[in-house]
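Okay, structure first, notes after.
Protein chains: 2
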Amino acid sequence: MLARDIVELILEKRSHQPQPNSAKAFAPTNIALIKYWGKRDAVLNLPRTDSLSISLAHKGTTTSLEITQSNQDEFWLNNELQPTDSAFSQRLTEFINLFRFNNEHYKIQSESNIPLAAGLASSAAGFASLIKAFNALYAWELDSAQLSILARLGSGSACRSIHNGFVWWQKGLLADGMDSYAVPLESTWNELCVGLLIFDKKPKAIGSREAMQRTVKTSYLFENWPQQVAHDLSAIHEAILTHDFKRLGEISEHNALSMHATMLSAWPPIVYSNIETLQAMNKIWELRKQGLNLYFTQDAGPNLKLLFLKQDHAAVLENFPGLEVVEVFSSQQA
Amino acid sequence: MLARDIVELILEKRSHQPQPNSAKAFAPTNIALIKYWGKRDAVLNLPRTDSLSISLAHKGTTTSLEITQSNQDEFWLNNELQPTDSAFSQRLTEFINLFRFNNEHYKIQSESNIPLAAGLASSAAGFASLIKAFNALYAWELDSAQLSILARLGSGSACRSIHNGFVWWQKGLLADGMDSYAVPLESTWNELCVGLLIFDKKPKAIGSREAMQRTVKTSYLFENWPQQVAHDLSAIHEAILTHDFKRLGEISEHNALSMHATMLSAWPPIVYSNIETLQAMNKIWELRKQGLNLYFTQDAGPNLKLLFLKQDHAAVLENFPGLEVVEVFSSQQA
């Protein structure tokens, strides 16, 4: 099934007339605590397992969408015009084409307050904000499940950036993925903090799509990954409901390291950690031995995201000066 | 079943009178290309899978065994008397007790030309040389399968250090482990070199026994490890028979990294690599991109063992000055 079929299914009977001529929307980036790793359908970005994330409140991407009179699209990223032949523009064009019904063209301007392409889920916030801008521009009035499905067509994890707070992406069972979208959990947790420990703002040596594919194809150990995810999801859900931080931290860190383990066991091996990553991990483990309740998660990049409670904010900052801290719930935008 | 039962079974009808009063034996250390990781019986050191190693010719341990008139054993390691209450002495005492039939005591002196307890299989060479010394001291005239079984009771991988060259440890199926011993492959490979890249001669932070147990108990991904080993063994056997070095290198490196991946996915996570390990891996991968046929394997420690052919000896040394190189077959001792 093609992505365009899904779009037509969802947008059936909806307007293709912009009202007014431009729109703007924000979507938060999201950090998976239980990772999305491995697809069952690479065209529709359907995952092999559920996943669970936390959206980073005001950290994310604002995208404005404007109909132009030009005969081609124009992409601006953080105020820089992107070359038409760049990988960025091509991936975006492919996505835009799904929503082009009357040969219109767009000027798209994205501004992100997170480093791009460094394993900080910038593409998730990008695609989610873009689909929200489309929804506003054409006044489609889609519900959040429909927005989530459409965002997913751009980048799997983008389906989670439609929501704030804790978000659960159900993998779904249908071949067309109409049941594969993200839903928000009701639970909040005012004490919960995420710290962004950024060593490297450079784009990754190997993209997460390719890394995921190579892992699925060449890692023997990956075969048992879905079993771990199933266990971790139910355990972390319970930890969220009971505000059991130690459990949340352990499950998140174990899950992230296991995802990286599947990459280490791929061939050729994929190692996102650099020397600073390894040093920071050792430091975190040492601090934990000394009694600090500090855990981490890591995505397809060298940077770490620290997990801790507000009461330990000062102690964490002392050990990681300059850490960018997001109070996920208490600083949440409307 | 107790280890002592196995010893009594094997030594039934053999002499317990020393002839003469002391004996000495050498055993090489061995580097597993397909790793032994996970036990099916922790008392008898019976593995969950077969494994395959290469013995490092003249690199290993020489042990001399002498009956003393003292009422306790005495252990010397590289000319240093070991405290009776050290972990080393206690583990050795436990092993010696298996072979003590007339309340005799021993002075045991081991000399190793490899760093101890740094993931260089020093305990394998130690136990193998000790059991060979026992065999000589009492003129038991055991065959190599029997020696291998008895060495295994001290340390699993010691069963492989009974032989030179390529060695295959069959896991066996019997509960008493009488079919779990190492056999040598006939193949030789004069061109094959192993380079010891030693960053750290300190004992490991966590011993391989404990790491193995924790991995089996807590890693979901470990469940698929036996499948990888089964595949890797048949592939590397073919590579050895056909002298396909690229294949041997790839399979060895993939297998080693997958073993470390199972540890990364254990909880708490186990990471033997340090910063120098990571730097060296990146360097090796970079050199390989440039066309050098260089691979590595890694055991339960930060050090790497490089695999390459004699024709690349100079190029490898240029990149890793001071590397200790063993020409595994051409420098083999009788």
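Going down the list, the sequences are from chains A and B. Letter by letter, the first sequence follows residues 321 to 654 in the working numbering. Letter by letter, the second sequence follows residues 321 to 654 in the working numbering. Even glycine gets a Cβ: it sits at the ideal position worked out from N, Cα and C. Since this is a predicted model, take the numbers as computed values, not measurements.
query: N-terminal and C-terminal residue of the alpha helix (DSSP H) that residue 604(B) is part of; result: 595 to 609
query: DSSP-derived helix/strand/coil call for residue 632(B); result: helix
query: Neighbourhood of residue 645(A) by C-beta distance below 7 angstroms, restricted to the same chain and skipping five residues each side; result: 513, 515, 633
query: Contact list for residue 545(B) against chain A, beta-carbon separation under 8 angstroms; result: 540, 541
query: Start-end ranges of the beta strand (DSSP E) lying completely within the stretch 446 to 496 of chain A, minimum 3 residues; result: 486 to 489
query: Presumed contact (8 angstroms Cβ cut-off) between residue 623(B) and residue 519(B), rounded CB distance; result: 6 angstroms
query: Spatial neighbours of residue 450(A) in its chain, beta-carbon cut-off 6 angstroms, leaving aside the 5 residues before and after; result: 383
query: First and last residue of the uninterrupted alpha helix (DSSP H) at residue 584(B); result: 565 to 584
query: Own chain, CB closer than 6 angstroms to residue 356(B), minus 5 neighbours either side, in chain order; result: 367, 371, 476, 477
query: Cutoff 8 angstroms; reference residue 629(A); Cβ partners in own chain excluding five residues on either side; result: 511, 512, 513, 565, 613
query: For residue 424(A), three-class secondary structure by DSSP; result: coil
query: Three-state secondary structure assigned by DSSP to residue 364(A); result: coil
query: Proximal residues of chain A, C-beta to C-beta of residue 587(B) below 8 angstroms; result: 570, 574
query: Nearest-angstrom Cβ-Cβ length linking residue 586(A) and residue 538(A), presumed shorter than 8 angstroms; result: 5 angstroms
query: Run of the beta strand (DSSP E) containing residue 503(B), from where it starts to where it stops; result: 502 to 504
query: Residue 574(A) classed as buried or exposed, judged by whether at least 16 other C-beta atoms fall within 10 angstroms; result: buried
query: Chain-ordered chain B contacts of residue 535(A) [CB-CB under 8 angstroms]; result: Ordered by position in chain B, no residue passes the 8 angstroms Cβ test against residue 535(A), which lies about 11 angstroms from the chain.
query: Length of the line joining the Cα atoms of residue 653(A) and residue 503(A); result: Here residue 653(A) scores only 43 on pLDDT, less than 50, and its place in the model should not be relied on; the value that follows carries that caveat. Cα-Cα distance, rounded: 18 angstroms.
query: Collapsed DSSP secondary structure at residue 429(A) in the structure displayed; result: strand
query: Pair within 8 angstroms by beta-carbon distance, residue 343(B) and residue 385(B); result: yes
query: Proximal residues, the stretch 604 to 631 of chain A versus chain B, C-beta separation under 8 angstroms; result: 605
query: Residue 355(A): first and last residue of the uninterrupted alpha helix (DSSP H) it sits in; result: From DSSP, residue 355(A) is part of no alpha helix (DSSP H); its letter is neither H nor E.
query: CB contact below 8 angstroms: residue 581(A) versus chain B; result: yes
query: CB contact below 8 angstroms: residue 578(A) versus chain B; result: yes
query: Under 8 angstroms between C-beta atoms of residue 425(A) and residue 402(A); result: no
query: Inter-residue spacing [alpha-carbon to alpha-carbon] between residue 595(B) and residue 542(B); result: 25 angstroms
query: Secondary structure of residue 646(A), DSSP reduced to three states; result: strand
query: Listed by chain order, chain B residues near residue 354(A) by CB distance under 8 angstroms; result: Within chain B, no residue comes near residue 354(A); the closest Cβ sits about 13 angstroms away, beyond 8 angstroms.
query: CA-to-CA distance, residue 495(A) to residue 322(A), given in whole angstroms; result: 11 angstroms
query: Rounded distance between the beta-carbons of residue 409(B) and residue 395(B), thought under 8 angstroms; result: 5 angstroms
query: Pairwise C-alpha distance: residue 482(A) and residue 602(A); result: 34 angstroms
query: Cα-Cα separation, residue 552(A) to residue 571(A); result: 6 angstroms
query: Cβ of residue 331(A) within 8 angstroms of any chain B Cβ; result: no
query: Cβ pair residue 639(A), residue 607(A) closer than 8 angstroms; result: yes
query: Same chain only: Cβ atoms within 6 angstroms of residue 569(B), ignoring 5 sequence neighbours per side; result: 615, 627
query: Distance between residue 466(B) and residue 332(B) (C-alpha atoms, nearest Å); result: 12 angstroms
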